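Undergrad: For the sequence shown, our numbering gives the first residue as 3, with consecutive numbering after it.
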Amino acid sequence: MLRYFTAGESHGEALVAFLSGVPAGLKIDQAFLERELWRRQQGYGRGGRMKIERDTAHIVSGVRHGATIGSPIALEIENRDWKNWQDALPVGEGDSSMHKAVASPRPGHADLAGALKYNFPEARYVLERASARESAARVAIGAIAKLLLRELGIEVLSHVVATGSVTLSESVPWKKIRNLYDRDEVVLNCTDPDVEQHMKEEVDKVLKSGDSLGGVFEVAAYRVPPGLGTYAQWDERLDAMLAAAVMSLQAVKAVEIGAGVASAYAPGSTVHDEIGYNATSGFTGFSRAHNHAGGIEGGVSNGEEIRVRGYLKPISTLRRPLQSVDFATREPVKAAYERSDVCVVPAAGVAAEAMVALTLARCALEKFGGDSMVETLRNFQGYCQQLKRF
Ligand SMILES: Cc1cc2nc3c(=O)[nH]c(=O)nc-3n(C[C@H](O)[C@H](O)[C@H](O)COP(=O)(O)O)c2cc1C
Numbered sequence: 003m004l005r006y007f008t009a010g011e012s013h014g015e016a017l018v019a020f021l022s023g024v025p026a027g028l029k030i031d032q033a034f035l036e037r038e039l040w041r042r043q044q045g046y047g048r049g050g051r052m053k054i055e056r057d058t059a060h061i062v063s064g065v066r067h068g069a070t071i072g073s074p075i076a077l078e079i080e081n082r083d084w085k086n087w088q089d090a091l092p093v094g095e096g097d098s099s100m101h102k103a104v105a106s107p108r109p110g111h112a113d114l115a116g117a118l119k120y121n122f123p124e125a126r127y128v129l130e131r132a133s134a135r136e137s138a139a140r141v142a143i144g145a146i147a148k149l150l151l152r153e154l155g156i157e158v159l160s161h162v163v164a165t166g167s168v169t170l171s172e173s174v175p176w177k178k179i180r181n182l183y184d185r186d187e188v189v190l191n192c193t194d195p196d197v198e199q200h201m202k203e204e205v206d207k208v209l210k211s212g213d214s215l216g217g218v219f220e221v222a223a224y225r226v227p228p229g230l231g232t233y234a235q236w237d238e239r240l241d242a243m244l245a246a247a248v249m250s251l252q253a254v255k256a257v258e259i260g261a262g263v264a265s266a267y268a269p270g271s272t273v274h275d276e277i278g279y280n281a282t283s284g285f286t287g288f289s290r291a292h293n294h295a296g297g298i299e300g301g302v303s304n305g306e307e308i309r310v311r312g313y314l315k316p317i318s319t320l321r322r323p324l325q326s327v328d329f330a331t332r333e334p335v336k337a338a339y340e341r342s343d344v345c346v347v348p349a350a351g352v353a354a355e356a357m358v359a360l361t362l363a364r365c366a367l368e369k370f371g372g373d374s375m376v377e378t379l380r381n382f383q384g385y386c387q388q389l390k391r392f
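1) Helix, strand or coil, according to DSSP, for Thr361 in the structure here?
2) Nearest-angstrom Cα distance between Pro109 and Glu124?
3) Could you give the distance in angstroms between the alpha-carbon of Leu251 and the alpha-carbon of Thr361?
4) Can you have a look at Asn280 and say buried or exposed, based on whether 16 or more other CB atoms are within 10 angstroms of its CB?
5) Determine whether the beta carbon atoms of Val254 and Ala349 lie at a separation below 8 angstroms.
6) Measuring from the CB of Thr282, is there a heavy atom of ligand 1 at a distance below 7 angstroms?
7) Would the C-beta of Gln44 count as close to ligand 1, meaning under 7 angstroms from any of its heavy atoms?
8) Please report the distance separating the alpha-carbon of Phe219 from that of Gly155.
9) Within its chain, find whatever has a CB closer than 6 angstroms to the CB of Phe370; leave out the 5 residues flanking it on each side and keep chain order.
10) Sorted by chain position, which residues of the same chain lie with C-beta nearer than 7 angstroms to Leu320's C-beta, five sequence neighbours on each side aside?
11) Can you say whether Ser330 is buried or exposed, counting buried as having 16 or more other CB atoms within 10 angstroms of its CB?
12) Going by DSSP, what residue range makes up the beta strand (DSSP E) through Phe20?
13) Where does Cys8 fall in DSSP's three states?
14) Measure from the alpha carbon of Ile259 to the alpha carbon of each residue in Val358, Val327 and Pro195, then state which is nearest.
15) What residues are listed by DSSP as bridge partners for Arg290?
16) Take every Cβ of the stretch 268-278, pair it with every Cβ of the stretch 174-189, and state whether three or more of those distances are shorter than 8 angstroms.
17) Between which two residues does the beta strand (DSSP E) holding Ala314 run?
18) Would you list the residues sitting across from Arg66 in a DSSP beta bridge?
19) Which same chain residues end up closer than 6 angstroms to Ser22 when comparing Cβ atoms and leaving out the 5 residues on each side of it in sequence?
20) List the whole-angstrom C-beta distance separating His13 from Leu91, where the pair is believed to meet the contact cut-off of C-beta under 8 angstroms.
21) Would you list the residues sitting across from Ile298 in a DSSP beta bridge?
22) What are the boundary residues of the alpha helix (DSSP H) that includes Leu151?
23) Between the stretch 221-239 and the stretch 195-210, are three or more C-beta pairs nearer than 8 angstroms?
24) Would you say the beta carbon of Gln32 comes nearer than 7 angstroms to a heavy atom of ligand 1?
25) On the DSSP letters alone, give me the boundaries of the alpha helix (DSSP H) that Leu389 sits inside.
26) Could you check if Gly229 is buried or exposed, using at least 16 other CB atoms within 10 Å of its CB as the buried criterion?
27) Distance, Cα to Cα, Phe392 vs Cys386?
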């Protein structure tokens with residue numbers, strides 16, 4: 003079973019990720035991992051930190067001579083900012099006068115709930131782990147999941163559908179999303195240049211006013227075979243697993259599969275994807291006129307592209323801070339300010355790609371098994387032949 007954990011704090015020495023259950027013999031393309039980490043750091047509206055850090059994943063176990071060996075993979079991403087924080091956040095006792103307290107909880111962050119839960123007098127340690135810096139670790143192991151999926155012919159990418167109130171209204175074919183990947187500059191990762199320009203202007207507005215923005219990204223998974231996930235148990239449904247995986251990302255407040263939200267307001271005749279047959283189409287020859295279901299019916303992938311949207315609330319840290327209360331005095335004060343992004347929709351999309359890839363890789367390994375890639379691929383190809391003969 004594919005399992006993973008992350009550890010590490012925003013201003014600690016490093017982020018760490020642990021991934022076990024990857025079959026032996028998967029080639030690890032280090033440059034691909036670096037590019038994925040780079041993609042997470044891009045986007046118009048990011049803060050100063052992205053300028054000091056260029057993330058790299060240092061693999062310490064589970065990979066030898068460029069390929070996995072079946073043992074757990076552990077990797078580390080150095081926090082380059084650590085040198086500025088080692089006196090404020092020492093692992094040893096250190097000098098408590100160097101501590102940088104977050105004295106007033108920031109609305110929209112874990113600050114207050116976390117301080118109450120862990121019995122901290124202020125929110126520094128809460129912020130350190132609740133921060134989306136952690137998502138870099140997920141992107142690194144998500145890249146390994148993507149490499150595994152690539153062996154099965156599956157690709158996972160994202161694009162931005164909305165930045166604040168500026169929205170792309172058309173549905174976007176895979177090819178256009180794929181083209182975004184090759185751009186040298188991510189900007190807002192939107193497939194329509196005019197809409198992207200409006201999105202940029204929206205970001206400029208909030209940059210000027212000290213406010214922040216949320217938005218919507220869409221993750222697409224291309225060439226996913228039918229049969230991943232199952233309706234047999236509630237927690238094995240692919241839609242449920244994807245929803246949990248994407249919702250687990252910082253600032254994601256709603257997840258939608260396919261046209262899930264609009265479907266709730268429309269009659270069934272316009273929503274359900276009628277079935278046709280064309281012997282040369284896809285894995286089976288069964289085809290659909292539309293993909294409102296987002297590639298999943300009954301908790302099972304149906305052979306169409308998987309489409310998952312994530313809805314992000316606006317960034318919580320505001321340069322023009324909201325009202326809060328001082329932890330020590332309980333007096334009203336402005337919320338603490340810490341260097342911050344104002345818009346992260348493209349980056350959140352990249353982190354969501356990682357979560358979708360990890361989920362699909364887990365489901366694929368559950369279905370096809372295999373301790374080596376040779377075995378996994380043999381089982382996968384056998385299943386594809388079975389689908390062709392169906
Ligand atoms: C890639 C990414 C980067 C983020 N950067 C920031 C940031 O710089 N400042 C901030 O206030 N929130 C940022 N957030 C959002 C917060 O981490 C998140 O809103 C906060 O931890 C509270 O968690 P919740 O929104 O899930 O409740 C970011 C989120 C993502 C996905």
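Ideal Cβ positions, reconstructed from N, Cα and C, are used throughout, including at glycine.
For clarity, every value in this text was computed on a predicted model and none was experimentally measured.
TA: According to the structure shown:
1) Locating residue 361 in the sequence shown gives position 359, counting from the first residue. It is helical.
2) Your numbering for residue 109 matches position 107 in the sequence shown. Your numbering for residue 124 matches position 122 in the sequence shown. C-alpha separation (whole angstroms): 14 angstroms.
3) Counting from 1 along the sequence shown, the entry for residue 251 is found at position 249. Counting from 1 along the sequence shown, the entry for residue 361 is found at position 359. C-alpha separation (whole angstroms): 14 angstroms.
4) Position 278 of the sequence shown, counted from the start, is the residue given in the question as residue 280. Asn280 is exposed by the Cβ-count criterion.
5) Your numbering for residue 254 matches position 252 in the sequence shown. Your numbering for residue 349 matches position 347 in the sequence shown. Contact flag unset, no.
6) Working through the sequence shown from its first residue, we reach residue 282 at position 280. Not under cutoff, so the answer is no.
7) Taking the sequence shown and counting its residues from 1, one reaches residue 44 at position 42. No.
8) Locating residue 219 in the sequence shown gives position 217, counting from the first residue. Locating residue 155 in the sequence shown gives position 153, counting from the first residue. The straight-line gap from Cα to Cα measures roughly 23 angstroms.
9) Position 368 of the sequence shown holds residue 370. Closer than 6 angstroms at the Cβ level, and outside the excluded window around Phe370, lie Thr378, Asn381 and Phe382.
10) Mapped onto the sequence shown, residue 320 falls at position 318. These residues qualify, in order along the chain: Gly212, Asp213 and Ser214.
11) Locating residue 330 in the sequence shown gives position 328, counting from the first residue. It is worth fixing the name first, because residue 330 is Ala in this sequence and not Ser. So Ala330 counts as exposed.
12) Counted from its first residue, the sequence shown places residue 20 at position 18. From DSSP, the beta strand (DSSP E) with Phe20 extends over Ala16 to Ser22.
13) Taking the first residue of the sequence shown as 1, we reach residue 8 at position 6. Position check: residue 8 holds Thr in this sequence, whereas Cys was assumed. In this structure, Thr8 counts as strand in the three-state DSSP scheme.
14) The residue labelled residue 259 in the question sits at position 257 within the sequence shown. When only C-alpha atoms are compared, the closest one is Val358.
15) In the sequence shown, counting from the first residue as 1, residue 290 sits at position 288. Answer is Ile277.
16) no
17) Residue mapping note: residue 314 aligns to position 312 of the sequence shown, counting from 1. A quick correction: the sequence has Leu, not Ala, at residue 314. Its beta strand (DSSP E) spans residues Ile308 to Leu314.
18) By 1-based counting over the sequence shown, the position of residue 66 is 64. DSSP lists Ala69 as partners of Arg66.
19) For this step, residue 22 is matched to residue 20 along the sequence shown. Cβ within range, chain order: Arg5 and Pro74.
20) Working through the sequence shown from its first residue, we reach residue 13 at position 11. Working through the sequence shown from its first residue, we reach residue 91 at position 89. At roughly 6 angstroms, the Cβ-Cβ gap stays under 8 angstroms, so His13 and Leu91 are in contact.
21) What you label residue 298 is simply residue 296 of the sequence shown in a count that begins at 1. Paired residue(s): Ser303.
22) Position 149 of the sequence shown, counted from the start, is the residue given in the question as residue 151. Its alpha helix (DSSP H) spans residues Ser137 to Glu153.
23) no
24) Here residue 32 refers to the residue found at position 30 when the sequence shown is read from its first residue. No, the beta carbon of Gln32 sits no closer than 7 angstroms to any heavy atom of ligand 1.
25) Mapped onto the sequence shown, residue 389 falls at position 387. Per DSSP, Leu389 belongs to the alpha helix (DSSP H) from Met375 to Arg391.
26) Within the sequence shown, residue 229 is the residue found at index 227, counting from 1. Buried: at least 16 other Cβ atoms inside 10 Å.
27) Start at 1 with the first residue of the sequence shown, and residue 392 comes out as number 390. Start at 1 with the first residue of the sequence shown, and residue 386 comes out as number 384. The alpha-carbon atoms of Phe392 and Cys386 are separated by roughly 10 angstroms.
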